[in-house]
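Just so you know, we're using the working numbering here: the sequence shown kicks off at 1205 and counts up by one. Yeah, the Cβ is synthetic: ideal placement off N, Cα and C, and Gly gets one too. Reading through the structure tokens given below for one structure.
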Amino acid sequence: MNTFPDGFRALVIGASGGIGAALVEVLTENPRCGYVQGLHRHSDPAVDFDDEASVVAAAAVMARQPKFHLIINATGMLHAAGVMPEKKISDLNYVQLMNTFRINTFGPALILRYFTLLLDPGRSVLAVLSAKVGSIQDNRLGGWYSYRASKAALNMLLKTAAIEVKRSKPQAVLVSLHPGTVNSKLSQPFRGNEIGRSARDAAQDLLEVMDQLTPADSGGFYAYDGKRLPW
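In structure tokens:
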């Protein structure tokens, strides 16, 4: 993380998940990182996307501290107990759509609203974990309706926020990142333990990408290997 100032401050939201926990671990081990804070549903303060007030309250607590140079939203939902991604149109239902969008889109939208205010006015990055399947142009197989749509909507929110934030914080970078297939609870039902790499490897790859981004890249959609992805 050589492009960030020495002693840079980092905040990871969704720190109890596989990638989120790995991000906290890797950042904690980085000698140039001066402070790492992980937030999740059971942290203090807590961030629970089922409770909008918790996001507002957590941002208020974090605002009492110095500004952050790196903020990462690592939350995400692909499946839940008894619920798997829709394979066909006839699988669509209102409850699953709402639940998926609440975690993958509405919650991160609140992060954009309240946590961009916590970015350092100098070199800073706010990243949200998206997914390549959220690319409309790259959609060749279909299926996974609500997950694809929720990530596509997240990308639009991120792009729009990047335009606005650039006016007040021209050195800030807002970016959507695709972590690839990772061996985590999210991917395990889809052979993630066989074809995915470790959460730690994914965290290191993502941090390397963030380290290379410049203000000119703000509002972009990138994969873990640094390649720009199509919308």
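- With respect to the C-alpha of Glu1233, the residue from Ala1407, Leu1433, Gly1430 having the closest C-alpha is Ala1407.
- A contact between stretches requires three or more CB pairs, one per stretch, nearer than 8 Å, and the stretch 1232-1247 meets this requirement with the stretch 1205-1212.
- Comparing C-alpha distances from Asp1409 to each of Thr1385, Ala1261, Arg1306 shows the shortest one belongs to Thr1385.
- Every alpha helix (DSSP H) stretch that sits fully inside the stretch 1402-1435 and reaches 4 residues is listed by chain position as 1403-1416.
- Annotated as distal: Asp1415 and Asn1277, with beta-carbon spacing of 8 Å or more.
- Distances from the alpha-carbon of Phe1208 to those of Leu1323, Gly1400, Asn1359 put Leu1323 closest.
- In the DSSP annotation of this structure, Val1377 is not part of any alpha helix (DSSP H); the continuous beta strand (DSSP E) holding it starts and ends at 1376-1382.
- Around the CB of His1273, 16 or more other CB atoms lie within 10 Å, so the residue is classed as buried.
- The Cβ atoms of Leu1362 and Val1332 sit closer than 8 Å to each other.
- Looking at Gly1222, Val1259, Ser1350, the one whose alpha-carbon comes closest to that of Leu1282 is Ser1350.
- Per the Cβ contact rule, the stretch 1308-1327 is in contact with the stretch 1339-1358 (3 or more Cβ pairs under 8 Å).
- Under a 10 Å Cβ-count criterion, Gly1286 is classified as exposed, with fewer than 16 other Cβ atoms of the shown protein chains found around its own Cβ.
- Burial state of Lys1431 is exposed, judged by a 10 Å Cβ sphere holding fewer than 16 other Cβ atoms.
- Residue pairing for Ile1276: DSSP places it in a beta bridge opposite Val1216, Ala1331.
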